[in-house]
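Working notes for the structure below.
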Amino acid sequence: MTLKGTRGIIIPVFLLTGIGLLMVYSSTAVLSTRQYGNSFHYLLNHLFTVLIGVSAMFGVSRVDHQRLRGLGIPLLCFSLLLLLLVFVPHVGLSVNGARRWIRLWPTTFQPSELAKISMVIFLAGYMSGNIYRMKELRYGILIPAGVMVLFQLVILLQPDFGGVMNIGLLTIALLYLGGTRLRYLISMVLAALPAVYILIVSSPYRWKRVMAFLDPWADPFGSGFQLVQSFIAFGRGSIFGTGIGNSRQKLFFLPEAHTDFIFSLVGEEMGLVGAIIVIGLFVWLIAKGMHIAGGTEDHFSYYLSMGLTMMIGVQAIINIAVATGLMPTKGLPLPFISYGGSSLLVNMIAVGILINISEHNKRRALVIGHKRL
Amino acid sequence: MRGRGRERIRKLWDEDLTKIQLKKSRKRAVIISTILYFGFLIIVLRLADLMILDHRNLARRAYTQYLTVRTLHPQRGFIWDRRMREMAVNLEVDSLYAVPSKIEDVDYLSQRLSPIIEISADAIRDRLLKKKERDFIWLKRKIDQQTSHKLVKFKKIYGIDSIGLITETRRFYPKGHTASHILGFTDIDDRGLEGIELQYDEYLRGKVRKILNSRDARGRSLSSGFEEAIAGNNIILTIDETIQYIVEREIERAVEKWRAKAATAIMMNPVSGEILAMANTPFYDPNHPSRYPADYRRNRAITDIYEPGSTFKSILASAALEEGLVDVDEEFDVSRGYIVVGGKAIRDVHRHETLTFREVIQKSSNVGAVQIGLRLGKERYYEYMKRFGFGDRTGIDLPGEVRGILRRPERWSGTSIAALSIGQEIGVTPLQILTAYCAIANGGLLMRPYVVSEIISPQGEVIKRFTPQVIRRVISPETAETVRDILKTVVEEGGTGRRAYIKGNLVAGKTGTAQMVDPETGRYSRDRYASSFVGFVPADDPVIALIVVIYEPKGARYGGVVAAPVFRRIVEHTLTYLEVPMERNENHILLVSR
Chain A
1068 MTLKGTRGII IPVFLLTGIG LLMVYSSTAV LSTRQYGNSF HYLLNHLFTV
1118 LIGVSAMFGV SRVDHQRLRG LGIPLLCFSL LLLLLVFVPH VGLSVNGARR
1168 WIRLWPTTFQ PSELAKISMV IFLAGYMSGN IYRMKELRYG ILIPAGVMVL
1218 FQLVILLQPD FGGVMNIGLL TIALLYLGGT RLRYLISMVL AALPAVYILI
1268 VSSPYRWKRV MAFLDPWADP FGSGFQLVQS FIAFGRGSIF GTGIGNSRQK
1318 LFFLPEAHTD FIFSLVGEEM GLVGAIIVIG LFVWLIAKGM HIAGGTEDHF
1368 SYYLSMGLTM MIGVQAIINI AVATGLMPTK GLPLPFISYG GSSLLVNMIA
1418 VGILINISEH NKRRALVIGH KRL
Chain G
2 MRGRGRERIR KLWDEDLTKI QLKKSRKRAV IISTILYFGF LIIVLRLADL
52 MILDHRNLAR RAYTQYLTVR TLHPQRGFIW DRRMREMAVN LEVDSLYAVP
102 SKIEDVDYLS QRLSPIIEIS ADAIRDRLLK KKERDFIWLK RKIDQQTSHK
152 LVKFKKIYGI DSIGLITETR RFYPKGHTAS HILGFTDIDD RGLEGIELQY
202 DEYLRGKVRK ILNSRDARGR SLSSGFEEAI AGNNIILTID ETIQYIVERE
252 IERAVEKWRA KAATAIMMNP VSGEILAMAN TPFYDPNHPS RYPADYRRNR
302 AITDIYEPGS TFKSILASAA LEEGLVDVDE EFDVSRGYIV VGGKAIRDVH
352 RHETLTFREV IQKSSNVGAV QIGLRLGKER YYEYMKRFGF GDRTGIDLPG
402 EVRGILRRPE RWSGTSIAAL SIGQEIGVTP LQILTAYCAI ANGGLLMRPY
452 VVSEIISPQG EVIKRFTPQV IRRVISPETA ETVRDILKTV VEEGGTGRRA
502 YIKGNLVAGK TGTAQMVDPE TGRYSRDRYA SSFVGFVPAD DPVIALIVVI
552 YEPKGARYGG VVAAPVFRRI VEHTLTYLEV PMERNENHIL LVSR
């Protein structure tokens, strides 16, 4: 395999992962020392996941992505099974009242991450197979939306409202790309609004979160605590940051500093400069992913590469928007940076598939003798 | 072959269409990527807003939340009596707190806790649901050991971690009600509210150390090192617990015997001004001050004023002698049994023909006293009363002392000089009378009475030592000696204070019986009296001075009947305790030789 052709996408991934290792260590050193007596517990866990993820990435990059064409439905079924396993006692793991993980000795796995990439692979296959029927109501929206809603319902039971939103946004974007009429998509979103409203009103916890999002300073020590602490982290960071390792917010002021709110820590320790660098790396990654998509010559590869790129991009945007108070709080990790194996592994695999698509584009370009820009 | 060809054709056809489709799709891709990039742009703007424009504000907020003030409560100083017996110490007790934000079921917890801590479930609930405090509230402070054990069990059984116990110190007075009015008591936070606890609070309470700590969100301190508050200083009283006990026992008995409303007794070292005992009945237990009415907690010895009656004649006598206006053996005609001054008749209890100056005091003749008073005159008499300390605080180191009432001569009526000669129209505290008698006892010096002799640091160094303090010379030593001699006769044959007579030791003293003012009518009451006896022993070299005031005795009213026996018993027990040698015989010799 030549690294030359894939450099464009690997560099931002590696840089992001490197920053992730740094920030995971910085955010967990104190916690780890308190819990395990040494500061490296979380770092080593994370490093292990990174190594597995990178191996998986290179492994997957050698597998012809066209083979995934038929794997969409089996993958979906498998992830649906795992999503249901979450509710089986002793197999499912409950944290803070949410059943989002299954025990997988010696670690845990979050099936909704697998569901996300399965959905992308499925839709890529489905849309390329029904390319002429995507304008129809039945094929363009009813069938794919049905699958989407099924998964959303299962994930909602966990409950993981963030995961529901994430899959919804991703599906809508892909269907739009696949040619579904815009008015169908808009009608679907409008139809979903009452359901979203009922979901928010019915659960005091979600209501609180929405209220805390609208005005975190109203209750800075209660429901607004997380967000206020995140703001404070950014505010302390200023332009150049407090320096790596110098965060004060990570000392239990900022909850989930190593997972959902790791970007706030990036802001505090590395400043606006560091935050913009991280965002720039994501933009680079997305641009590269879309460039790869631009080089494809069949629908499946095109939808797949676009889907995987958006999967990473949408999640990055949601995570950062949440940390900066632009979106209500959701438990989504920041791709490549947050501590957490499932997300990292799935994103690495996504990059692996992108590399493979990119390799195919290059090879074809060489054969045909012209290069598409 | 055929199949292959068809597939090839389909693929070619496919590819053409694909290109058309992809072109259209790419338009949509541009829209999507634009939306994504636009999202990132908004985020960058938001970041600039937070990190540059809001930087100052947020950084200041951060700074304040990292700092926490930790208050370290010191151990309160001990109080000892003059022989280092513990009068006030500290106990370690548990206090129950709750973390409301951690409680899952407030109703359940309130109902379960209610019988254990003896607070109604509703009251607990209300406290737990208070909006302001979410991290820490006291549920019940300074609980007894039994309750504490129950709570520990309760916590274990129900696995509740939203409540907990903290060890605090509680003030404990091992001697119960003994010296309660001197010691005072503290509030739940160990701040002095009464008595020594209040007067010397700044010495006793020690220094609360406020430590500005850098901390993490779980309140753990980031700075290390062992820190402790500075313990309070210890206090040594001039009080002797044994004497205090004797005094309290005797006045309590007297109150019972005479069904009196209240009683006060103070014992003082007449030479130094040290208070050896100061007791009032009714009293209270400083361990549970709230269980007693406020009335019981009053230190009547310094807060209550009464008319001294005949005990005040010694003041008059001292003034007249000091001024050289009378001779001890000068005779006064009291045969009429009454004397009219300003249109008002003042009577004697017993009829006499003529009485010497000495006998006027000994037999407590009102008619004789008024004649002496008239001879002395307003201004001079007022001057002496002032010099004896009346109308002024004695300066004792206890809170709540009153001045008493002494009107200026300009405001006296025509009868005032007569009334004052027999100890009426003046309001005094028992302590004022005793201090004045001490001046007679010690040769003419008005001493400042005090109850604290030393303040000692926790390390054992003496921080403050209180020494006898002379306020002023009131009368000459000679006058004082003459008055002492007169007062000796009071307890002898023919005197009013016979019942204060003590075998073996010579007592000098004076009885007093005064009508009390009815608070409702503002006039003298017919059946309310303050019966008193004040004196010192041994008469010529006084070791102790004592005043006993019994308020509103029933069945008898004369100080010589009600208060003098109490005086005698207290002094007898005290002298035995102090091992003061019998000196009756020596005194006799002394008297004879003079």
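Top to bottom, those sequences are chains A and G.
Quick note: the first sequence uses the working numbering, first residue 1068, plus one each step.
Quick note: the second sequence uses the working numbering, first residue 2, plus one each step.
For glycine and all other residues, C-beta sits at the position ideal for the given N, C-alpha and C.
All values reported here derive from a predicted model rather than from experimental measurement.
For this session: Note down, in chain order, every chain G residue with its Cβ under 9 Å from the Cβ of residue 1306 of chain A.
Result: Result: 52, 53 and 56.
Exercise. Relative to the C-alpha of residue 605 of chain G, which residue among G/355, G/457 and G/350 is closest?
Worked result: Because chain G in this structure spans residues 2 to 595, residue 605 of chain G falls outside the shown range and cannot be described.
Problem set entry | C-beta neighbour in chain A for residue 45 of chain G, strict 9 Å | At least one chain A Cβ lies under 9 Å of residue 45 of chain G.
For this session: Mind checking which residues open and close the beta strand (DSSP E) that includes residue 526 of chain G?
Result: It spans 525-538 - the beta strand (DSSP E) in which residue 526 of chain G sits, taken as one unbroken run.
Exercise. Would you say residue 225 of chain G reaches chain A, if we count a Cβ-Cβ gap shorter than 9 Å as a contact?
Worked result: Per-residue confidence for residue 225 of chain G stands at a pLDDT of 44, beneath the threshold of 50, marking its modelled position as unreliable; no derived number is given.
Problem set entry | Secondary structure of residue 1284 of chain A, DSSP reduced to three states | Correct three-state label for residue 1284 of chain A: helix.
Exercise. Contact check, residue 1415 of chain A vs residue 1124 of chain A under 8 Å by CB: the rounded distance?
Worked result: Sure, about 4 Å apart at Cβ, within 8 Å.
For this session: Use the C-beta contact count for residue 124 of chain G: other C-beta atoms within 10 angstroms, 16 or more gives buried, fewer gives exposed.
Result: For residue 124 of chain G, the number of other beta carbons within 10 angstroms of its own is below 16, and it is reported as exposed.
For this session: Could you check which residue in A/1240, A/1417, A/1300 and A/1183 has the C-alpha nearest to that of residue 1150 of chain A?
Result: The shortest Cα separation from residue 1150 of chain A among A/1240, A/1417, A/1300 and A/1183 belongs to A/1183.
Exercise. Taking all protein chains shown into account, do 16 or more other C-beta atoms lie within 10 angstroms of the C-beta of residue 1195 of chain A, making it buried, or fewer, making it exposed?
Worked result: By the 16-neighbour rule on beta-carbons within 10 angstroms, residue 1195 of chain A is buried.
Exercise. Residue 59 of chain G CB to nearest chain A CB: under 9 Å?
Worked result: In terms of beta-carbon proximity, residue 59 of chain G lines the interface with chain A, with at least one pair separated by less than 9 Å.
Problem set entry | residue 1097 of chain A versus residue 1335 of chain A - alpha carbon distance | Rounded to whole angstroms, residue 1097 of chain A to residue 1335 of chain A spans 16 Å at the Cα level.
Problem set entry | Residue span of the alpha helix (DSSP H) that contains residue 1351 of chain A, given as start and end | That run of the alpha helix (DSSP H) goes 1329-1362.
Problem set entry | Exposure of residue 58 of chain G, with buried meaning 16 or more beta-carbon neighbours within 10 Å | Within 10 angstroms of the beta-carbon of residue 58 of chain G lie fewer than 16 other beta-carbons, which makes it exposed.
Problem set entry | Sequence-distant residues of the same chain with beta carbon closer than 7 Å to residue 1092 of chain A, five excluded per side | Within its own chain, the residues whose Cβ lies closer than 7 Å to the Cβ of residue 1092 of chain A, once the five positions on either side in sequence are excluded, are 1110, listed in chain order.
For this session: Can you tell me which of the three DSSP states residue 1122 of chain A falls into?
Result: Helix, per DSSP.
Problem set entry | Where residue 93 of chain G sits in the DSSP three-state scheme | The answer is strand: DSSP assigns residue 93 of chain G an E or B state.
Problem set entry | Interface positions of the segment 149-164 of chain G facing chain A (Cβ-Cβ less than 9 Å), listed along the chain | Cβ contacts with chain A come from no residue of the segment 149-164 of chain G.
Exercise. According to the neighbour-count rule (16 or more other Cβ atoms, all chains shown, within 10 Å of its Cβ), is residue 364 of chain G buried or exposed?
Worked result: Burial call: buried.
For this session: Excluding the 5 residues preceding and the 5 following residue 1311 of chain A in the sequence, name in chain order all residues of the same chain whose CB lies nearer than 8 Å to its CB.
Result: Only 1089, 1093, 1336 and 1337 meet the Cβ criterion.
Problem set entry | Positions along the segment 1352-1369 of chain A whose CB lies within less than 9 Å of some CB in chain G | Interface annotation for the segment 1352-1369 of chain A against chain G: 1353, 1354, 1357, 1360, 1361, 1363, 1364, 1365, 1366 and 1369, criterion Cβ-Cβ distance under 9 Å.
Problem set entry | Local Cβ density within 10 Å of residue 186 of chain G, reported as buried at 16 or more and exposed below that | Counting every other CB atom within 10 Å of its CB across the protein chains shown gives residue 186 of chain G a total of 16 or more, marking it as buried.
Exercise. Which residue or residues does DSSP assign as beta-bridge partners of residue 279 of chain G?
Worked result: DSSP lists G/267 as partners of residue 279 of chain G.
For this session: Go ahead and pull the three-state DSSP assignment for residue 558 of chain G.
Result: Coil, per DSSP.
Exercise. For residue 1292 of chain A versus residue 1331 of chain A, is the C-beta distance shorter than 9 Å?
Worked result: Residue 1331 of chain A is positioned such that its CB atom lies no closer than 9 Å to that of residue 1292 of chain A.
For this session: Would you give the residue range spanned by the beta strand (DSSP E) that residue 333 of chain G belongs to?
Result: Unbroken beta strand (DSSP E) run through residue 333 of chain G: 332-334.
Exercise. Is there contact here, the segment 1239-1253 of chain A with the segment 1208-1215 of chain A, by at least three beta-carbon pairs under 8 Å?
Worked result: Yes: the two stretches touch, three or more of their Cβ pairs being nearer than 8 Å.
Exercise. To the nearest angstrom, how far is it from the Cα of residue 388 of chain G to the Cα of residue 288 of chain G?
Worked result: So the alpha carbons of these two residues sit roughly 40 Å apart.
For this session: Compare the C-beta of residue 122 of chain G with all C-beta atoms of chain A and state if any pair is closer than 9 Å.
Result: Residue contact with chain A for residue 122 of chain G: absent (no Cβ-Cβ distance below 9 Å to any residue of chain A).
For this session: Name, in chain order, the residues that DSSP records as bridge partners for residue 208 of chain G.
Result: Note: residue 208 of chain G sits in a beta bridge opposite G/231.
For this session: Please check the pair residue 97 of chain G and residue 164 of chain G, which I expect to be a contact at CB under 8 Å, by giving their CB distance rounded to whole angstroms.
Result: The Cβ separation is near 6 Å, so the contact holds.
Exercise. Which residues in the same chain as residue 442 of chain G place their Cβ atom closer than 6 Å to its Cβ, once the five residues preceding and following it in sequence are excluded?
Worked result: Excluding residues within five positions, the ones whose Cβ falls inside 6 Å are 271, 537, 543 and 546.
Exercise. Along the chain, where does the alpha helix (DSSP H) that runs through residue 611 of chain G open and close?
Worked result: Outside the shown range of chain G (2 to 595) lies residue 611 of chain G, about which nothing can therefore be said.
Exercise. For the segment 1385-1402 of chain A, which residues have a CB atom closer than 8 Å to at least one CB atom of chain G, in sequence order?
Worked result: Taking 8 Å as the Cβ-Cβ cut-off against chain G, the residues of the segment 1385-1402 of chain A that qualify are 1387, 1388, 1391, 1392 and 1393.
Exercise. To which residues does DSSP link residue 379 of chain G through a beta bridge?
Worked result: DSSP lists no beta-bridge partner residue for residue 379 of chain G.
Exercise. Does residue 41 of chain G have its Cβ less than 9 Å from a Cβ in chain A?
Worked result: Output row for residue 41 of chain G: interface = yes.
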